[in-house]
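**Q** Residue numbers (this note's numbering), protein chains in the order written: chain B, 34 to 283; chain A, 6 to 270.
Structure provided below as structure tokens; questions to follow.
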Amino acid sequence: MYLFGRRLPNMSSLIFWGLLWEVVGRLGISFFIPPLSEIFITLFEIIGTPAVLKALGETSYAFLMGVFYAIFIGIPVGILMGQNRLIDELLLPWVNIFLSAPLTALVPVLMVLFGFGMTSIIITTTLFAIWIIILNSRAGVKQINRSLVEMARSFGASPFDAFFKIYFWAALPEIIGGVRIGLIRAVKGVIIGQLLISVVGFGALFELYSSNFLMAHFWAVLVLLFALAFTLAECLGWLEKRVSYYASSR
Amino acid sequence: MSQIKPLHMAEPAIPDIAVSVMDVSKNYGSVEALKNLSLEFPRGELTSLLGPSGCGKTTLLKIIAGLLPATAGKIEVNGVAVEGPGDDRAFVFQDFALLPWATVLRNVAFGLELRGVAKAEREDRANTYIKNVGLEGFEQSYPHELSGGMRQRVGLARALSVDSQVLLLDEPFSAVDEQNRRKFQEDMLELVATEQKTFIFVTHSIEEAVYVSDQIAILLPRPSRVSEVIRPTGFRHKDVANIRRDTEYLDIVDRIWSSLRNYVE
Ligand SMILES: Nc1ncnc2c1ncn2[C@@H]1O[C@H](COP(=O)(O)OP(=O)(O)OP(=O)(O)O)[C@@H](O)[C@H]1O
Ligand SMILES: [Mg+2]
Numbered sequence: 034m035y036l037f038g039r040r041l042p043n044m045s046s047l048i049f050w051g052l053l054w055e056v057v058g059r060l061g062i063s064f065f066i067p068p069l070s071e072i073f074i075t076l077f078e079i080i081g082t083p084a085v086l087k088a089l090g091e092t093s094y095a096f097l098m099g100v101f102y103a104i105f106i107g108i109p110v111g112i113l114m115g116q117n118r119l120i121d122e123l124l125l126p127w128v129n130i131f132l133s134a135p136l137t138a139l140v141p142v143l144m145v146l147f148g149f150g151m152t153s154i155i156i157t158t159t160l161f162a163i164w165i166i167i168l169n170s171r172a173g174v175k176q177i178n179r180s181l182v183e184m185a186r187s188f189g190a191s192p193f194d195a196f197f198k199i200y201f202w203a204a205l206p207e208i209i210g211g212v213r214i215g216l217i218r219a220v221k222g223v224i225i226g227q228l229l230i231s232v233v234g235f236g237a238l239f240e241l242y243s244s245n246f247l248m249a250h251f252w253a254v255l256v257l258l259f260a261l262a263f264t265l266a267e268c269l270g271w272l273e274k275r276v277s278y279y280a281s282s283r
Numbered sequence: 006m007s008q009i010k011p012l013h014m015a016e017p018a019i020p021d022i023a024v025s026v027m028d029v030s031k032n033y034g035s036v037e038a039l040k041n042l043s044l045e046f047p048r049g050e051l052t053s054l055l056g057p058s059g060c061g062k063t064t065l066l067k068i069i070a071g072l073l074p075a076t077a078g079k080i081e082v083n084g085v086a087v088e089g090p091g092d093d094r095a096f097v098f099q100d101f102a103l104l105p106w107a108t109v110l111r112n113v114a115f116g117l118e119l120r121g122v123a124k125a126e127r128e129d130r131a132n133t134y135i136k137n138v139g140l141e142g143f144e145q146s147y148p149h150e151l152s153g154g155m156r157q158r159v160g161l162a163r164a165l166s167v168d169s170q171v172l173l174l175d176e177p178f179s180a181v182d183e184q185n186r187r188k189f190q191e192d193m194l195e196l197v198a199t200e201q202k203t204f205i206f207v208t209h210s211i212e213e214a215v216y217v218s219d220q221i222a223i224l225l226p227r228p229s230r231v232s233e234v235i236r237p238t239g240f241r242h243k244d245v246a247n248i249r250r251d252t253e254y255l256d257i258v259d260r261i262w263s264s265l266r267n268y269v270e
């Protein structure tokens, strides 16, 4: 973006939107929109409080556990689907259905099945992340050079060797791409899970603040979440760039 | 005079057979690729499989390697029936089949790695063969940093380092440029002389087959059988530089061409 002929740094348009928010907030049009400055002051006030730290801790825990299951179940399942026609035909329709399904609608079902707490949130997170990881791992295996597999077999590779020494590495660029998208989806999953199951983490905080009309607090937590999700996505993008050189040299 | 004779008259004077193919047939669905094919590969010699495109040379080689099951018939290596891949055979692939994420050293040692040889020992052996094929100094390079000819040297070193008695080569030089190819052919002759191994060599090139082979099996188009087996004898002991001018060499090339030209459209 250019202003008076000078190039402005990336995202400096955010300053404009921030100022607009501040003005609208000061005009006192709605109690729902407090001035931006007030939101940030509140953010710095509450960020160290036990309630927020606890919510952050619980969210990270649910996120990491959910992602852990998504990765350690998703990658092997995807590779097996790529290797084996029968497994592929059995599972592929389900993977495709769940990939595009509105998973939010499943959360109430999970609450019935797994209770009103952390377990359901972790499962929600996994469900958001796992399908794309499966599909990408499968795609990575599908494009593998057949003669690599034959080469390994001709030198007597066990299925275990073939899996860890050939398939995994051959599919690695696609797997990493899938994990990156999966992690971004997992952020959505962990937040949506907490909002619907509003007894732990940020869900509980949102519930508390909105029922007490603490709008500045409400917005502060939202800003915090947006910032965390954005930072995570940027870090992953950076990591993926570092491994993509390898995909192009295959 | 060249010694050319059909298979059924093959001399029993070569007693030591490393690989024998007995009445092997292979169908892909309704496609008959091989039909009742029989052929013997004498130990310590190089046998070429020559024939029109699509006649089943790769199929035969993969069946011998144990990578494909035969529909009917039997393969024996040193008198033992083949049921799958084994330590007694090593394969060199037309498209090299190198691990793009691994260095030359690891690629050459990969056959040994899969066969469970300890790291220090397999790298030691890999280094020896990297030197033998002339790739010294490239141990830490990655395949995409090498030329086609160098990549195939890696594939060759990998197959040699597992020290199998039978080496199966599927058009190993077809993705290599002409000058490198000639060098490879000379190297093959030396390998056959120095390594006590049986080589089974698939090629499209009549000249290449006659140049490097102790025995040439001509295959006919699908469903494939062996139409004749040719054993060039007169020029084997000659200096590599003079083979291409030898009259027996030229006779055999001509003779093979006249029997194959009918199948080339
Ligand atoms: N997986 C397969 N499924 C069906 N048919 C196949 C398959 N592989 C090979 N064939 C057929 O079997 C025949 C022999 O194939 P093969 O690859 O062994 O021939 P080739 O002699 O190696 O040919 P080229 O000289 O072109 O490499 C061909 O007609 C081919 O179409
Ligand atoms: Mg072939």
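Glycine is no exception: its CB is placed at the ideal position from the N, C-alpha and C atoms.
On a predicted model such as this, the values are computed, not experimentally measured, just so you know.
#1: Using only the alpha-carbon positions, how far apart do G236/B and L73/A sit?
#2: On a CA-only basis, which of E240/B, L216/B, P141/B and S231/B is nearest T158/B? Give me that one, please.
#3: Find the nearest neighbour of E233/A within the set N247/A, L42/A and D21/A, judged by alpha-carbon distance.
#4: What runs of the alpha helix (DSSP H), each 4 residues or longer, lie entirely inside the region 133-190 of chain B?
#5: Could you check how far apart the C-beta atoms of V174/B and A134/B are, in whole angstroms? I think they sit under 8 Å.
#6: In three-state terms, what does DSSP make of A102/A?
#7: Kindly examine ligand 1 and report whether one of its heavy atoms sits closer than 7 Å to the Cβ of K136/A.
#8: Using a Cβ cut-off of 7 Å, pull out every chain A residue sitting near S170/B, in sequence order please.
#9: What first and last residue would you give for the beta strand (DSSP E) that runs through M44/B?
#10: Flag D92/A as yes if its beta-carbon sits less than 8 Å from any beta-carbon of chain B, otherwise no.
#11: Kindly list the residues whose CB is nearer than 7 Å to the CB of L12/A, restricted to its own chain and excluding five residues on each side of it in sequence; keep chain order.
#12: To the nearest angstrom, how far is it from the Cα of L196/A to the Cα of T52/A?
#13: Per the contact definition of three or more C-beta pairs closer than 8 Å, is the region 185-201 of chain A in contact with the region 221-231 of chain A?
#14: Whose C-beta lies closer than 7 Å to the C-beta of E128/A among residues of the same chain, with five residues either side of it excluded?
#15: Using a Cβ cut-off of 7 Å, pull out every chain B residue sitting near D100/A, in sequence order please.
#16: Got a sec? Which residues, its chain only, sit under 8 Å from I79/B by beta carbon, not counting five neighbours each side?
#17: Distance check for R120/A and I155/B, CA to CA, integer angstroms please.
#18: Identify the contact partners of R186/B in chain A, using a Cβ-Cβ distance below 7 Å as the criterion.
#19: At least one CB of chain B closer than 8 Å to the CB of V181/A: is that the case?
#20: When every heavy atom of ligand 1 is checked, does at least one fall within less than 7 Å of the C-beta of G71/A?
#21: What is the DSSP secondary structure of R39/B, reduced to helix, strand or coil?
#22: Cβ-heavy atom distance between R227/A and ligand 1 below 7 Å?
#23: From the DSSP output, in three-state form, read off G78/A for me.
#24: With I221/A as the anchor, note down where its beta strand (DSSP E) starts and where it stops.
#25: Can you tell me which of the three DSSP states N245/B falls into?
#26: Let's test the definition: count the other Cβ atoms within 10 Å of the Cβ of L76/B and tell me whether it reaches 16, buried, or not, exposed.
#27: What is the DSSP secondary structure of L151/A, reduced to helix, strand or coil?
#28: Would the beta-carbon of D219/A be found less than 7 Å away from any heavy atom of ligand 2?
#29: Distance check for G234/B and G90/B, CA to CA, integer angstroms please.
#30: Just to confirm the assignment, what range does the alpha helix (DSSP H) spanning S263/A have?
#31: Tell me which residue opens and which closes the alpha helix (DSSP H) that I69/A is part of.
#32: Using alpha carbons as the reference points, say which of L103/A, D21/A and D175/A lies closest to V207/A.
#33: When burial is assigned at 16 or more other CB atoms within 10 Å of the CB, is N43/B buried or exposed?
#34: Check each candidate in I80/A, Q157/A and R241/A and name the one with the smallest Cα separation from R94/A.
#35: How close, in whole Å, do the beta carbons of K40/A and S30/A come, if the pair is a contact with beta carbons under 8 Å?
**A** Let's see:
#1: As a position in the first sequence, residue 236/B is number 203, starting the count at 1. As a position in the second sequence, residue 73/A is number 68, starting the count at 1. Whole-angstrom Cα-Cα distance: 58 Å.
#2: Working through the first sequence from its first residue, we reach residue 158/B at position 125. For T158/B, the nearest C-alpha among the options comes from L216/B.
#3: Looking up residue 233/A in the second sequence gives position 228. When N247/A, L42/A and D21/A are compared, the shortest CA-CA separation from E233/A is found for L42/A.
#4: The region 133-190 of chain B contains, as complete alpha helix (DSSP H) runs of 4+ residues, the segments 140-147, 151-175 and 179-187 (chain order).
#5: The residue you call residue 174/B lines up with position 141 of the first sequence. The residue you call residue 134/B lines up with position 101 of the first sequence. Not really, about 24 Å apart at Cβ, beyond 8 Å.
#6: One-based indexing of the second sequence puts residue 102/A at position 97. DSSP places A102/A in coil when its eight states are reduced to three.
#7: The residue labelled residue 136/A in the question sits at position 131 within the second sequence. No, the Cβ of K136/A stays beyond 7 Å of every heavy atom of ligand 1.
#8: Residue mapping note: residue 170/B aligns to position 137 of the first sequence, counting from 1. Taking the beta carbon of S170/B as reference, no residue of chain A falls within 7 Å; the closest one sits roughly 16 Å away.
#9: Reading the first sequence from its first residue, position 11 is the one you call residue 44/B. Premise fails: M44/B is in no beta strand (DSSP E) and is neither H nor E.
#10: For the purposes of this step, residue 92/A is identified with residue 87 of the second sequence, where counting begins at 1. Taking 8 Å as the CB threshold, D92/A lines the interface with chain B.
#11: Sequence index remark: in the second sequence, residue 12/A carries index 7 (1-based). Per-residue confidence for L12/A stands at a pLDDT of 48, beneath the threshold of 50, marking its modelled position as unreliable; no derived number is given.
#12: As a working note, residue 196/A is residue 191 in the second sequence. As a working note, residue 52/A is residue 47 in the second sequence. Between L196/A and T52/A, the alpha-carbon positions lie close to 13 Å from each other.
#13: Contact fails between the region 221-231 of chain A and the region 185-201 of chain A, because fewer than three Cβ pairs, one in each stretch, are under 8 Å apart.
#14: Reading the second sequence from its first residue, position 123 is the one you call residue 128/A. In the same chain as E128/A, and ignoring 5 residues on each side of it, the C-beta atoms closer than 7 Å to its own belong to L110 and A114, in chain order.
#15: Within the second sequence, residue 100/A is the residue found at index 95, counting from 1. The contacting residues are S180.
#16: For the purposes of this step, residue 79/B is identified with residue 46 of the first sequence, where counting begins at 1. Cβ within range, chain order: V85, H250, A253 and V254.
#17: The sequence position of residue 155/B within the first sequence is 122, counting from 1. The sequence position of residue 120/A within the second sequence is 115, counting from 1. One C-alpha to the other measures close to 42 Å.
#18: Translated into positions along the first sequence, residue 186/B becomes position 153. Residues of chain A passing the Cβ test: L72 and P90.
#19: If you number the second sequence from 1, residue 181/A lands on position 176. No, because no Cβ of chain B sits closer than 8 Å to the Cβ of V181/A.
#20: In the second sequence, residue 71/A corresponds to position 66, counting from 1. No, ligand 1 has no heavy atom inside 7 Å of this Cβ.
#21: By one-based count along the first sequence, residue 39/B stands at place 6. Note: R39/B maps to strand in three-state DSSP.
#22: Taking the first residue of the second sequence as position 1, residue 227/A is located at position 222. Relative to ligand 1, R227/A has its C-beta within less than 7 Å of a heavy atom.
#23: On the second sequence, position 73 is the one that residue 78/A refers to. Three-state result, G78/A: strand.
#24: Translated into the one-based positions of the second sequence, residue 221/A becomes position 216. Membership of I221/A in the beta strand (DSSP E) is indicated by the continuous run Q220 to L224.
#25: Locating residue 245/B in the first sequence gives position 212, where the first residue counts as 1. In the structure shown, the three-state DSSP call for N245/B is coil.
#26: As a first step, residue 76/B is located in the first sequence; it is residue number 43 there, counting from the start. Buried is the call here.
#27: Start at 1 with the first residue of the second sequence, and residue 151/A comes out as number 146. Three-state DSSP puts L151/A in coil, outside helix and strand.
#28: Indexing the second sequence from 1 puts residue 219/A at position 214. Because no heavy atom of ligand 2 lies under 7 Å away, the Cβ of D219/A does not count as near it: no.
#29: Position 57 of the first sequence, counting from 1, holds the residue named residue 90/B. Position 201 of the first sequence, counting from 1, holds the residue named residue 234/B. Put simply, the backbone Cα of G90/B is about 8 Å away from that of G234/B.
#30: Here residue 263/A refers to the residue found at position 258 of the second sequence. Segment T252 to L265, the alpha helix (DSSP H) holding S263/A.
#31: Here residue 69/A corresponds to residue number 64 of the second sequence, with the count starting at 1. Looking at the DSSP string, the run of the alpha helix (DSSP H) that includes I69/A is K62 to A70.
#32: As a working mapping, residue 207/A is identified with position 202 in the second sequence. When only C-alpha atoms are compared, the closest one is D175/A.
#33: As a working mapping, residue 43/B is identified with position 10 in the first sequence. Label assigned to N43/B: exposed.
#34: Your numbering for residue 94/A matches position 89 in the second sequence. When each option's Cα is compared against that of R94/A, the closest is I80/A.
#35: Locating residue 40/A in the second sequence gives position 35, counting from the first residue. Locating residue 30/A in the second sequence gives position 25, counting from the first residue. The C-beta distance from K40/A to S30/A rounds to 5 Å, short enough to meet the 8 Å contact threshold.
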